[in-house]
């Protein structure tokens, strides 16, 4: 098991649930736009949010963001270590530094202040920030060397990451890193190509590592609204069984017996409940022949009939409704469960 | 390296490119609907197509399908081994049998005829077809045992598969299977839940195995139009670097300098070229400040200006066009490359 690190009240590593991160795409200096984005990310299921801090205006905005954000905030620092020091003073909950573009002396100074203030640091090594191409093993070693530098400067509240734009390199680098360290790992793939392929690449790299027990916090990087990053991140956790707090819609594949628009209702229910954070199974079945039996595993569901359909709860018929009331009835049931 | 098996003229295993499979969702007995679907799948990039053969009408249709299909066909057999024998006689190029629902005597008889006619067989073990829950190791062993039974009956043109609806179980079962055998492996995850999560689960399981060099042919199973299965299958191959014959659209993340609708054009180009089967890089850049330099790696691209934009080929400006001609110019360039 990895060590645990607390970012404000959020535990990373040490057996804590894998957390989902994203990053704002607004100007951090624009408080209103940035806090709005942070709230959107939070509502989509984001556990902690990174904001870039490229200038002093961003630091000033950060002070207020830290106060109003519903989730812990991470300051993303490149080139200028003094912005890291100022971000710590502004009360940020975690820092991300890139050893590819910060000098050693700066890194040490940041580590010293972070240690005094109890602020954890992510050491985020990116293949793209290196002056020459490093192998996965070299990336992992550079990351661990930087962690040692930080330890020497007095801090051991660290999270490590080694990203590349290649699925295979990312998997290899993290496997290597997880052998070299017991610090918690932030897992992700750097952006490559279009959103279409980016989602598949991130799913494979992150999901493959998580399935092998590697990874404590994740970020899916996409050139898209960051809310999509959170949605995809949560999907990866669900796919490998690390997040059961969601609605699973079970739909029959439809056949000649199907009386209702199964796919339409299934998609509507899925969309309606996509921000729902409790485990719930809802069945949408096209007929009563197999539907009632097959929806047994569901908390509730509908089985279609010619003009009227039946509502099933825990395997029993509890109600018969006209087909044009199916969606409104399902909405009512979802809301009822949401109150529990 | 795995052994190689030929399905008509398509090599599976032995270092051949990983092939993408899908399955028709039409009634196989309906020749017109089924051949139309096979052609759609072929156009989407499907290398071989499976059709279910549940009755004698399907066998009769199969005879004609084999004659007209642009790709090799696989007959999917459950319960009745005689339909497998009849499918071989109908000229099918490969069989899929499920040891979970065929008796040993039937399997032997099928293996014998398949061997005489040179027809390869996939031994497809599914967790869902077992009377009790098997561990990944037990699934792999059941698969290898069935392969031995087939060898005893005289055939060694085999492809093996062990599917489950769990990502972790699927990965474990195939890792185990790849240690036990050098037959080529058909990799996939059985359908679980909605399309949304199904795609992520398949991407992780299949992609993770392929990244480790496990898998010779793949199928993404979805409750959706099977064309989607092929699209997702090709995306997985591309994500892990096993298929470079596609168009990669490189787009800038956009900023205050952006003069043109980068995301819109990038998506249009991507959609326009999604069935293109040659490696091609197209850049869509919002401005000329960084755009010209950053599109150097592309075969061609556009860099936006206020009213006019420039067309770049291999890093050089070759043409200036009004902004309302961007899309038509990109279409022309794609068509030109398509002729080569």
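Residue numbers (this note's numbering), protein chains in the order written: chain G, 13 to 352; chain L, 13 to 352. Think of the CB as a built atom: it goes at the ideal place given N, C-alpha and C, for glycine as much as any other residue.
Scanning G/293, G/309, G/335, G/55 for the CA closest to the CA of residue 299 of chain G turns up G/335.
Residue 246 of chain L and residue 165 of chain G have their C-alpha atoms spaced approximately 48 angstroms apart. Identification of residues in the region 218-251 of chain L having a C-beta nearer than 7 angstroms to some C-beta of chain G yields 219, 220, 223, 235, 247, 248, 250, 251, given in sequence order.
One finds 247, 282 in chain L with Cβ atoms closer than 8 angstroms to the Cβ of residue 208 of chain G, taken in chain order. Taking C-beta separations shorter than 7 angstroms and ignoring five residues to either side along the sequence, the partners of residue 185 of chain G in its chain run 148, 151, 152, 174, 176, following chain order. Of the candidates L/338, L/115, L/92, L/73, the residue whose Cα lies closest to the Cα of residue 102 of chain L is L/73.
A distance of 8 angstroms or more separates the beta carbons of residue 272 of chain G and residue 304 of chain G. Using a CB distance cut-off of 8 angstroms, residue 212 of chain L counts as an interface residue toward chain G. The Cβ atoms of residue 331 of chain G and residue 323 of chain G sit closer than 8 angstroms to each other. Taking 9 angstroms as the Cβ-Cβ cut-off, the region 132-155 of chain G has no residue approaching chain L. Apart from the 5 residues on each side of it in sequence, residue 254 of chain G sits with its Cβ closer than 8 angstroms to the Cβ of 29, 30, 222 in its chain, given in chain order. Taking each of G/262, G/219, G/97 in turn and checking the Cα distance to residue 306 of chain G, the smallest one comes out for G/262. One finds nothing in chain G with a Cβ atom closer than 9 angstroms to the Cβ of residue 307 of chain L; even the nearest lies about 14 angstroms away. Distances from the CA of residue 99 of chain G to each of G/76, G/227, G/327 were compared; the closest alpha carbon is that of G/76.
Judged by beta-carbon spacing, residue 293 of chain G lies within the 8 angstroms limit of residue 309 of chain G, meaning their Cβ atoms are closer than that value. A contact is defined here as three or more CB-CB pairs under 8 angstroms, and the region 54-64 of chain L meets this definition with respect to the region 77-89 of chain L.
Comparing C-alpha distances from residue 48 of chain L to each of L/237, L/172, L/345 shows the shortest one belongs to L/237. In this structure, the alpha-carbon of residue 32 of chain G lies about 6 angstroms from that of residue 229 of chain G. Going by DSSP, residue 176 of chain G is part of no alpha helix (DSSP H) at all; its letter is neither H nor E. Residue 165 of chain L has no beta-bridge partner at all, per DSSP. Residue 140 of chain L and residue 89 of chain G have their C-alpha atoms some 50 angstroms from each other. In this structure, residue 138 of chain G lies near residue 112 of chain G, with their beta-carbon atoms less than 8 angstroms apart. Listed in chain order, the beta strand (DSSP E) elements of length 3 or more contained wholly in the region 53-133 of chain G are 60-64, 85-89, 106-109. Closer than 8 angstroms to the CB of residue 289 of chain G there is not a single CB belonging to chain L. Annotation: residue 301 of chain L has no Cβ neighbours in chain G at a cutoff of 9 angstroms; minimum Cβ distance is about 17 angstroms. Residues of the same chain with a CB within less than 8 angstroms of the CB of residue 159 of chain G, apart from the 5 flanking positions on each side, are 135, 170, 172, 193, 195 in chain order. Boundaries of the beta strand (DSSP E) harbouring residue 230 of chain G: 229-232, taken from the DSSP string. Within the model, the alpha-carbon separation for residue 269 of chain L versus residue 349 of chain G is close to 48 angstroms. Closest in alpha carbon position to residue 42 of chain L, among L/107, L/18, L/68, L/34, is L/68. In terms of Cβ geometry, residue 25 of chain L and residue 15 of chain L form a close pair [threshold 8 angstroms]. Boundaries of the alpha helix (DSSP H) around residue 220 of chain L: 207-223. Around the beta carbon of residue 157 of chain G, fewer than 16 other beta carbons lie within 10 angstroms, which makes this residue exposed.
For residue 263 of chain L, the beta-bridge partners assigned by DSSP are L/296. Under the 8 angstroms criterion on CB atoms, residue 179 of chain L is classed as interfacial with respect to chain G.
For residue 245 of chain G, the enclosing alpha helix (DSSP H) stretches over residues 238-251. Chain L places a beta carbon closer than 8 angstroms to that of residue 253 of chain G, counting this residue as a contact.
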